[in-house]
Structures are given as C-alpha cells and as structure tokens.
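Everything on this sheet refers to the single structure shown next.
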Amino acid sequence: MPDGFVLEIPEMVGVPLSPQRKPQAATGSWPDGTVIISADSHMLEPDLWVDRFPEHLKQQAPRMEFRDGGWQLSVAGKPMTQPKIAADLCTTLECAPGMTDITARLADLDVEGVEKELIFPQRLFGLYMFGEMLNRAETFGAYNEHIAEACAASQGRLFPVMVPNYWDMSEAKASVDRCAALGARCLMVPIKPGKDVDGEPIQYSDPKLDALWEAIAASGIPLCFHIGEAIPTAAPGAAGTFVLTQMQGFRHIWAQLTFGGVFDRFPALRVVFVEGGICWVASMIHDADMIYNSFPTVMNPKLAHPPSWYWFNHCYATFMTDPPGLELLHRIGADRVMWSSDYPHQESTFGYTRSAIRAVFDATSVKNAQLILGKTALELFRME
Numbered sequence: 001m002p003d004g005f006v007l008e009i010p011e012m013v014g015v016p017l018s019p020q021r022k023p024q025a026a027t028g029s030w031p032d033g034t035v036i037i038s039a040d041s042h043m044l045e046p047d048l049w050v051d052r053f054p055e056h057l058k059q060q061a062p063r064m065e066f067r068d069g070g071w072q073l074s075v076a077g078k079p080m081t082q083p084k085i086a087a088d089l090c091t092t093l094e095c096a097p098g099m100t101d102i103t104a105r106l107a108d109l110d111v112e113g114v115e116k117e118l119i120f121p122q123r124l125f126g127l128y129m130f131g132e133m134l135n136r137a138e139t140f141g142a143y144n145e146h147i148a149e150a151c152a153a154s155q156g157r158l159f160p161v162m163v164p165n166y167w168d169m170s171e172a173k174a175s176v177d178r179c180a181a182l183g184a185r186c187l188m189v190p191i192k193p194g195k196d197v198d199g200e201p202i203q204y205s206d207p208k209l210d211a212l213w214e215a216i217a218a219s220g221i222p223l224c225f226h227i228g229e230a231i232p233t234a235a236p237g238a239a240g241t242f243v244l245t246q247m248q249g250f251r252h253i254w255a256q257l258t259f260g261g262v263f264d265r266f267p268a269l270r271v272v273f274v275e276g277g278i279c280w281v282a283s284m285i286h287d288a289d290m291i292y293n294s295f296p297t298v299m300n301p302k303l304a305h306p307p308s309w310y311w312f313n314h315c316y317a318t319f320m321t322d323p324p325g326l327e328l329l330h331r332i333g334a335d336r337v338m339w340s341s342d343y344p345h346q347e348s349t350f351g352y353t354r355s356a357i358r359a360v361f362d363a364t365s366v367k368n369a370q371l372i373l374g375k376t377a378l379e380l381f382r383m384e
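In my numbering, the protein residues as written are 1 to 384.
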C-alpha cells in the first residue's frame with residue numbers, strides 16, 4: 001500500500017485551520033434542479049443567558065465572555081473552559097468570522113454555493129455533556145429564544161435546532177410546543193442524557209419517556225442526536241481518539257429506539273443522526289436483523305417489523321465526506337442520507353465545499369445526489 005493519506009479530495013490534505021480558510025469559488029455549475037443545503041452547521045453562542053434568566057437566578061446563569069485570547073464560558077462563576085483550551089478553540093475554529101457574524105457567514109455560503117443551513121449550537125454541548133447541569137429549563141429555554149432570533153435575522157437562510165425538556169415528562173409537551181412556536185426545524189436531545197427530574201438515569205427505550213416522543217411525533221419536527229458531548233483529555237492520542245469514536249457513536253441510541261419499540265409506539269417519529277457519517281449504517285442494520293433472528297427468546301418487546309425496516313422508514317444520517325458510505329448507498333438508502341458542511345468546524349468542508357459536493361455527484365446518480373445534497377433536508381426540516 002502507498003504511504004499516503006486515503007483522503008480522496010486533495011484539498012483535505014494539509015487543510016488550514018478554519019479561521020485561515022477561504023471559501024471555495026465556483027468553477028462550473030451543478031445539474032439543473034440542484035439545491036445545496038447543509039443539514040449540520042454551527043454558530044457560537046454569545047453572552048445570551050443572563051438577560052433572559054429570572055432575577056433570582058441571574059447569578060447562576062451561564063456567561064460567555066471573550067478574554068485571554070478566547071471565548072470563556074462559565075456557569076455560576078465557575079469556569080467551564082480552561083483558558084488555554086478557549087484560546088486554542090479561538091485559533092482553530094471559534095474565531096472564524098462566520099461563527100459569530102451572520103453577514104460574514106452568508107458571504108462565505110454565497111461563495112461556496114450553500115443556500116441554507118440547519119444551525120446547531122457550539123458550546124451548548126458542553127453544558128449538557130455530563131447530564132447533570134444547573135437550571136436546565138432556563139438554560140435551554142434562553143438558548144432556544146436566542147437561536148430563533150439569530151436565524152430570523154438571516155433572511156430565510158438559517159434555521160434553528162432547539163433543545164426540548166427531556167428530563168421532566170410533566171413539562172415535555174409544553175416544551176416541545178414552545179420550540180415549535182419559536183420556529184424550531186429540528187429538536188436535539190443528548191446522546192448521554194444523564195438523570196431525570198427524580199434523579200434516575202434516563203433511558204431512551206423506557207416507556208417513561210413516551211410523553212416526550214409523543215409530543216415530538218405530534219409536532220412533526222424531526223428529532224436529532226449530534227456528536228460532541230465529551231472533551232478530550234491531555235492523554236497521548238486523546239484528541240484523535242475522541243473525534244474518531246464520536247463519529248461512530250450512534251449504534252447504541254438507534255438500538256434503544258428500535259429494539260425498545262419506540263418507533264412502533266410512535267410511527268410518526270423521525271430521527272436524524274448528525275455528523276457521524278453514514279458508512280456505519282450498513283453494518284448496523286445488518287447486525288440488527290441478525291441479532292433479532294438469532295435471539296428470538298429475549299427480544300422484548302416483539303417488533304412489528306424487522307429492525308432494518310425502522311431505519312428505512314424513520315431515520316436519517318448526515319455526513320461531510322464519506323466515500324465508503326457513498327459506495328454503500330444501495331444498503332443505506334439515498335433518501336436516508338443528507339450532506340452537511342459542518343461550517344465552520346475544523347472537520348468541516350469549509351474551503352473545499354464545492355469539491356465535497358462534486359464527490360457526491362461523482363459517487364451516484366444525479367437524482368440521488370440531489371436528494372443527498374439538499375432536497376431531502378429541504379423537505380424534512382421544512383426549509384422551503
């Protein structure tokens with residue numbers, strides 16, 4: 001084997017840090033009818049919480065302040081980000097102009113030909129990664145209001161992802177309804193949800209959560225899970241290990257929802273697995289069907305369909321570049337797959353977006369590519 005990277009897009013090798021990249025300009029046009037939608041992009045939260053918190057909780061509100069060369073996040077006065085890590089985040093991605101400036105962001109999208117984006121948070125992942133956070137309702141409620149306002153300022157090009165109440169089922173429906181009223185196009189809950197309002201571990205397969213699934217299904221808003229709920233340590237190889245394992249981390253969640261009968265109980269529920277690529281899906285659904293057939297005496301509940309059926313009828317996954325996954329489209333389903341730029345993260349396609357889009361057209365038919373690159377996202381997230 002040659003001693004070189006297996007990356008098939010040349011611009012990916014030695015790509016600069018995100019704030020140093022330039023958007024990739026057009027050298028041609030896409031087939032008629034193509035619309036380019038990023039099903040996963042990010043914006044950095046400003047200091048949004050304190051003004052939205054009730055007076056008696058303001059001292060406990062998260063704060064986001066720029067100092068010592070980076071964005072410092074704290075909660076109730078306790079730093080959530082080491083100064084060096086904050087400075088490194090600034091250097092590598094958070095100080096890319098489009099991370100905070102909508103005008104700069106839209107200018108980059110225009111050059112790279114991306115018409116619309118679904119907007120996920122940045123540091124909010126750090127506030128729920130351990131599952132036991134202070135003032136969850138106020139923190140997520142304030143963020144949901146902020147991101148609705150930020151996207152409204154984009155002239156119809158940015159669409160918000162919001163976090164509903166996933167820990168207190170007595171508030172689940174009201175929370176989902178509030179997100180819908182604010183214009184949420186997708187609802188996000190943690191991969192590792194921690195504990196519920198009673199201090200018990202949250203299990204997504206547990207019928208105790210049916211009030212949440214029922215409210216989400218009734219709303220028509222897709223549910224999503226997004227990687228990024230852990231911080232790499234300083235141990236040798238930690239950063240590479242963290243990103244590599246996070247990008248293949250959805251088997252557990254999909255299995256809970258599928259084998260737990262959640263999809264059978266809520267046939268209108270749609271779930272998106274974000275930023276984990278797509279190649280994992282083909283082996284997962286094969287293994288799921290094998291397991292269901294091999295262990296019939298312990299399958300509880302019994303399912304109405306083979307496990308793989310729930311993938312093809314309820315689920316989607318997003319990717320930035322995934323040549324092996326694109327080769328497996330016949331096993332995954334072209335209508336189950338959505339491209340994203342992940343703008344402006346380090347692993348994003350920013351700077352080579354047009355090359356990444358070309359790779360999709362090169363891998364499959366124009367019809368499939370147009371579904372993957374925008375048409376599915378446009379319909380699923382109601383971005384018309």
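Even for Gly, the Cβ is constructed at its ideal location relative to N, Cα and C.
To the nearest angstrom, report how far apart residue i and residue j are at their CA atoms.
i, j, result
"residue 81", "residue 57", "21 Å"
"residue 442", "residue 333", "Lying outside 1 to 384, the shown extent of the chain, residue 442 is not represented and no answer is given."
"residue 131", "residue 29", "For residue 131, the predicted structure reports a pLDDT of 48, less than 50, and the residue's modelled location is therefore unreliable. A value from the coordinates is still provided. Answer to the nearest angstrom: the Cα atoms are 46 Å apart."
"residue 267", "residue 308", "15 Å"
"residue 62", "residue 75", "4 Å"
"residue 343", "residue 116", "12 Å"
"residue 143", "residue 124", "8 Å"
"residue 146", "residue 303", "40 Å"
"residue 48", "residue 298", "48 Å"
"residue 13", "residue 210", "46 Å"
"residue 376", "residue 335", "7 Å"
"residue 317", "residue 179", "22 Å"
"residue 204", "residue 256", "6 Å"
"residue 329", "residue 363", "9 Å"
"residue 79", "residue 236", "24 Å"
"residue 189", "residue 218", "17 Å"
"residue 339", "residue 349", "10 Å"
"residue 166", "residue 137", "10 Å"
"residue 177", "residue 16", "42 Å"
"residue 305", "residue 291", "14 Å"
"residue 278", "residue 320", "9 Å"
"residue 391", "residue 88", "There is no way to answer for residue 391, as the model of the chain reaches only from 1 to 384."
"residue 7", "residue 175", "43 Å"
"residue 228", "residue 27", "34 Å"
Beta strand (DSSP E) containing residue i: first to last residue?
i, result
"residue 64", "62-67"
"residue 40", "37-42"
"residue 224", "223-226"
"residue 82", "No beta strand (DSSP E) contains residue 82, which DSSP labels as neither H nor E."
In terms of residues, what are the limits of the alpha helix (DSSP H) holding residue i?
i, result
"residue 112", "102-112"
"residue 229", "Careful: residue 229 lies outside any alpha helix (DSSP H) and carries neither H nor E."
"residue 451", "For residue 451 there is no data in the structure shown, the boundaries of the chain being 1 and 384."
Can you look up residue i in the DSSP assignment and give me helix, strand or coil?
i, result
"residue 130", "Unreliable placement is indicated for residue 130, whose pLDDT of 48 sits below 50; no coordinate value is reported for it."
"residue 252", "helix"
"residue 279", "helix"
"residue 118", "strand"
"residue 17", "coil"
"residue 273", "strand"
"residue 50", "coil"
"residue 75", "strand"
"residue 260", "coil"
"residue 379", "helix"
"residue 9", "coil"
"residue 265", "helix"
"residue 91", "helix"
"residue 23", "coil"
"residue 4", "coil"
"residue 384", "coil"
"residue 55", "helix"
In the DSSP output, what is residue i paired with across the bridge?
i, result
"residue 216", "The partner list for residue 216 (beta bridge, DSSP) is empty, contrary to what the question assumes."
"residue 29", "According to DSSP, residue 29 bridges with nothing at all."
"residue 70", "67"
Please determine whether the Cβ atom of residue i lies at a distance below 8 Å from any heavy atom of the ligand NAD.
i, result
"residue 65", "With respect to small molecules bound, the structure shown includes none, and the ligand NAD cannot be examined in it."
Segments of 4+ residues assigned as alpha helix (DSSP H) that fall wholly inside the region 134-211 | 136-152, 172-182
3 or more residues per run - each beta strand (DSSP E) lying fully within the region 288-376 | 315-319, 337-339
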